[in-house]
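Participant: Just so you know, the sequences run in chain order A and B.
Take my numbering: the last position of the first sequence gets the number 305, and nothing is skipped along the way.
Take my numbering: the last position of the second sequence gets the number 610, and nothing is skipped along the way.
Once you've had a glance at the structure underneath, I'll fire off some questions.
There are 2 protein chains.
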Amino acid sequence: MSILAVGSIAFDTIKTPFGEVDDIVGGSLTYFALSASFFTEVKLVAVVGEDFGEQQLKLFRGRNIDLQGVAHADGKTFRWGGEYSHNLNSRETLFTELNVFEGFQPELPESYRQADLVFLGNMHPLLQQSVLDQVNHKRVVGMDSMNLWIETTPTELRNVLGRVDIVKIDDSEARDLAGVYNLRKAAAAIQGLGPRMLIATRGSHGAMLFTPQDIFSAPAFPLEDERDPTGAGDCFAGGFFGYLAQAETIDSDTLRRAMIFGSVMGSFCVEDFGTKRLEGLTMDEINTRYRALKQLTQFEDLVTA
Amino acid sequence: MSILAVGSIAFDTIKTPFGEVDDIVGGSLTYFALSASFFTEVKLVAVVGEDFGEQQLKLFRGRNIDLQGVAHADGKTFRWGGEYSHNLNSRETLFTELNVFEGFQPELPESYRQADLVFLGNMHPLLQQSVLDQVNHKRVVGMDSMNLWIETTPTELRNVLGRVDIVKIDDSEARDLAGVYNLRKAAAAIQGLGPRMLIATRGSHGAMLFTPQDIFSAPAFPLEDERDPTGAGDCFAGGFFGYLAQAETIDSDTLRRAMIFGSVMGSFCVEDFGTKRLEGLTMDEINTRYRALKQLTQFEDLVTA
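Here is the structure:
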């Protein structure tokens, strides 16, 4: 089955201790789509400006990506700039120019209105709601969010949370959203708001999945060369929901494998600037890293006397 | 086989958001010994003062712990006080009174001089050296250290590193010791100084083992109630080296299981103040948590078409 995904497409300017790039194609939806398209078809809902032409769109062409829902508006595309500290674990936003994103009103093409899986990228909860309102039928809904919305639009965010199945956010954001530091308690509190499941991503420490039945801890692949973490969380989401969308059933085994594919895709993203590593990536490389994560975490059962 | 372990025995005063305790028996060796003694015999090398009598020693009695190498010196026992922030991830040292530890010159009883496994707890590298010098025969040597020695006694520390097999330190200390942020590169740099293996502990994010052959990532058990992290790293070391000491061979499977037992013992330690949780702990509870960590990380192999 396919994924309907809404989010940002942007021009990013990124500085890390390992180099810098200007005005490359980025945005949460770009990373999500490139990642998920390895597993299933992704139908994009987004807006770009007049400065976003065929040269930029070719990043998406030739992949399992439907661009019908990408609106072209008058004005400039969303722009973001950020700089990372020496350890890549903290970043400073240098500028944010919303541009055409400011007036964005998602409008779904007719062919998008039956969706098996809907992913609501990190954006104003009212925009997320608006996308959900336009989908007649959906099986699974996932969402991302961030501190900005937790702090400034708590009521609207709770309304969206009441309508989704799986939330994927940073562990620190999960703690803020729940108002409790302990991650198990935070997960239980978030599950109380509606979503059956929480994925708490932890950067280079991996990610955890909380379901009503159990907890799963996915490791991060220990990279030898990390260059740019931009988009890693979105690539994780793309791998997770992409794998889930093409699975026949959603059970504990499928969810665990989806978490590992999420971790795999996030790790590739960090290996080069922007979307560069994803562009040349192959399914063979993805499967090889999946096996490496298996090797990284495997240990023998306890022998009972 | 047994473990010869050197480290501190202390009176600790601990404040966390969940309570406080005054002058309880603590110190790195206390935690290490209680933890390791579930798996094998531990011969202690330490010093205590006149204020440390039978009432305190009974914490060690009835366990697989040899107290012959615990010297009783004139003066007061080492005292330490610390306070943790709301999330238990950062702590402030309130006071450190070295007392009898200041003049500590480890002297091994004759029966200690043949040791299968030696563990050098976190202390001045010259004291660690002195213990090693007194052991005639040893199979495996492990050590702990901290930023203080990395910064103030780099030469002495390197001399010890050249004589040990396995270093167990925090990931941030591994980075400082190696002078490089990337953990894989830091591990390689530390292995270049002598030790074949590095265990980098990461608090509530688990721990990683770097050997010449491979990397293993052990999860932390996601606790619902965390009260006091004091000694968790020492309990990890106790579980790891304790399990290793009683294993017939040291191979990849054994090392991985040892890491899991390390994580298990560290997680119990955090559940209550000081050594309280360890005192009533049973091997059944340890094995149950081992299985829980298996369940937490288990996922299916990739099916190749």
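Ideal Cβ positions, reconstructed from N, Cα and C, are used throughout, including at glycine.
Note that the structure is a prediction, hence the values are computed from the model and not measured.
Identify whether residue 296 of chain A lies in helix, strand or coil by the three-state DSSP scheme.
Facilitator: DSSP places residue 296 of chain A in helix when its eight states are reduced to three.
Participant: Just to make sure I have the definition right: I need the residues of chain A whose C-beta is within less than 7 Å of the C-beta of residue 453 of chain B. Which are they?
Facilitator: Here the premise fails: no neighbours, minimum Cβ distance about 22 Å.
Participant: How far does the beta strand (DSSP E) with residue 132 of chain A in it extend, from its first residue to its last?
Facilitator: No beta strand (DSSP E) contains residue 132 of chain A, which is instead part of the alpha helix (DSSP H) from 125-133.
Participant: Using beta carbons (cut-off 8 Å, strictly below), is residue 260 of chain A in contact with chain B?
Facilitator: Yes - at least one Cβ of chain B is within 8 Å of the one on residue 260 of chain A.
Participant: Which full runs of the beta strand (DSSP E) of 3+ residues lie inside the stretch 311-361 of chain B, going along the chain?
Facilitator: You should have 315-321, 324-331, 347-353.
Participant: Rounded to a whole number of angstroms, what is the C-alpha to C-alpha distance between residue 537 of chain B and residue 445 of chain B?
Facilitator: If you take the alpha carbons of residue 537 of chain B and residue 445 of chain B, they lie about 22 Å apart.
Participant: With a threshold of 6 Å on Cβ separation, who are the neighbours of residue 41 of chain A within its own chain once the five nearest residues in sequence on each side are excluded?
Facilitator: Same-chain partners within the cutoff: 2, 64.
Participant: Assuming residue 289 of chain A contacts residue 527 of chain B under a Cβ cut-off of 8 Å, what Cβ separation, rounded to an integer in Å, is found between them?
Facilitator: No, residue 289 of chain A and residue 527 of chain B are not in contact; Cβ-Cβ is about 25 Å, not under 8 Å.
Participant: Cβ of residue 519 of chain B less than 8 Å from any chain A Cβ?
Facilitator: It does: the Cβ of residue 519 of chain B has a partner Cβ on chain A nearer than 8 Å.
Participant: How close, in whole Å, do the beta carbons of residue 349 of chain B and residue 310 of chain B come, if the pair is a contact with beta carbons under 8 Å?
Facilitator: Between residue 310 of chain B and residue 349 of chain B the Cβ distance is about 6 Å, and since that is below 8 Å, they are a contact.
Participant: For the stretch 384-472 of chain B, list the alpha helix (DSSP H) runs that are entirely contained and at least 4 residues long, ordered along the chain.
Facilitator: Taking only runs of at least 4 residues, the alpha helix (DSSP H) segments lying wholly in the stretch 384-472 of chain B are 430-438, 452-457, 459-466.
Participant: According to DSSP, which residues form a beta bridge with residue 522 of chain B?
Facilitator: Beta-bridge pairing links residue 522 of chain B to B:513.
Participant: Between the alpha carbons of residue 600 of chain B and residue 99 of chain A, how many angstroms are there, rounded?
Facilitator: One C-alpha to the other measures close to 47 Å.
Participant: Does residue 410 of chain B pass the burial test, meaning 16 or more other C-beta atoms within 10 Å, or should it be called exposed?
Facilitator: Exposed, by the Cβ-count rule.
Participant: Please check the pair residue 347 of chain A and residue 12 of chain A, which I expect to be a contact at CB under 8 Å, by giving their CB distance rounded to whole angstroms.
Facilitator: Nothing can be reported for residue 347 of chain A: it is not among the residues displayed for chain A, which extend from 1 to 305.
Participant: Mind pulling the chain A residues with CB within less than 7 Å of residue 601 of chain B?
Facilitator: Under the 7 Å cutoff, chain A gives 215, 216, 217.
Participant: Would you report the Cα separation of residue 551 of chain B and residue 435 of chain B, rounded to the nearest angstrom?
Facilitator: So the alpha carbons of these two residues sit roughly 25 Å apart.
Participant: Take residue 534 of chain B as the anchor and find which of B:525, B:575, B:412 has the nearest alpha-carbon.
Facilitator: The shortest Cα separation from residue 534 of chain B among B:525, B:575, B:412 belongs to B:575.
Participant: So which of A:215, A:188, A:27, A:177 has the shortest CA-CA distance to residue 256 of chain A?
Facilitator: With distances taken between Cα atoms, residue 256 of chain A lies closest to A:215.
Participant: Rank B:491, B:497, B:454, B:448 by C-alpha distance to the C-alpha of residue 473 of chain B and give the top, closest one.
Facilitator: Comparing Cα positions, the closest option is B:448.
Participant: Give every residue of the same chain whose Cβ lies closer than 6 Å to the Cβ of residue 122 of chain A, excluding the five residues on either side of it in the sequence, and list them in chain order.
Facilitator: So the list reads 28, 144, 145, 146, once near-sequence residues are dropped.
Participant: Would you call the stretch 195-207 of chain A and the stretch 149-168 of chain A in contact, with 3 or more CB pairs under 8 Å?
Facilitator: Yes, since at least three Cβ pairs between the stretch 195-207 of chain A and the stretch 149-168 of chain A fall closer than 8 Å, the two stretches touch.
Participant: My understanding is that residue 497 of chain B touches residue 337 of chain B, with C-beta atoms under 8 Å, so please give their C-beta distance in whole angstroms.
Facilitator: No, residue 497 of chain B and residue 337 of chain B are not in contact; Cβ-Cβ is about 27 Å, not under 8 Å.
Participant: Any idea which residues DSSP pairs residue 198 of chain A with across the strands?
Facilitator: Residue 198 of chain A is bridged to A:167, A:210.
Participant: Roughly how many angstroms lie between the CA atoms of residue 16 of chain A and residue 88 of chain A, to the nearest whole one?
Facilitator: Those two C-alpha atoms are separated by around 7 Å.
Participant: Can you say whether residue 205 of chain A is buried or exposed, counting buried as having 16 or more other CB atoms within 10 angstroms of its CB?
Facilitator: Buried, since its Cβ has 16 or more Cβ neighbours within 10 Å.
Participant: Taking Cβ-Cβ distances shorter than 8 Å, what residues in chain B pair up with residue 87 of chain A?
Facilitator: Ordered by position in chain B, the residues that pass the 8 Å Cβ test against residue 87 of chain A are 486.
Participant: Determine, for residue 462 of chain B, whether the minimum Cβ-Cβ distance to residues of chain A falls below 8 Å.
Facilitator: No, because no Cβ of chain A sits closer than 8 Å to the Cβ of residue 462 of chain B.
Participant: Helix, strand or coil: how does DSSP classify residue 481 of chain B here?
Facilitator: Residue 481 of chain B falls in the helix class under three-state DSSP.
Participant: Excluding sequence positions up to five away, which residues of its chain have a Cβ less than 6 Å from the Cβ of residue 516 of chain B?
Facilitator: Around residue 516 of chain B: 502.
Participant: Hey, is residue 15 of chain A's beta-carbon within less than 8 Å of any beta-carbon in chain B?
Facilitator: Not one chain B Cβ lies under 8 Å of residue 15 of chain A.
Participant: Please list, in chain order, all residues of the same chain as residue 234 of chain A whose beta carbon is under 6 Å from its beta carbon, the five residues on each side excluded.
Facilitator: If we look at residue 234 of chain A and ignore the five residues flanking it on each side, its Cβ neighbours are 28, 31, 32.
Participant: Taking the Cβ atom as the reference point for each residue, do residue 157 of chain A and residue 125 of chain A lie within a distance shorter than 8 Å?
Facilitator: Contact flag set, yes.
Participant: In the DSSP assignment, what are the bridge partners of residue 309 of chain B?
Facilitator: Residue 309 of chain B is bridged to B:348, B:423.
Participant: Here's the rule: buried if 16 or more other CB atoms are within 10 angstroms of the residue's CB, otherwise exposed. What is residue 109 of chain A?
Facilitator: Its Cβ having fewer than 16 others within 10 Å, residue 109 of chain A is exposed.
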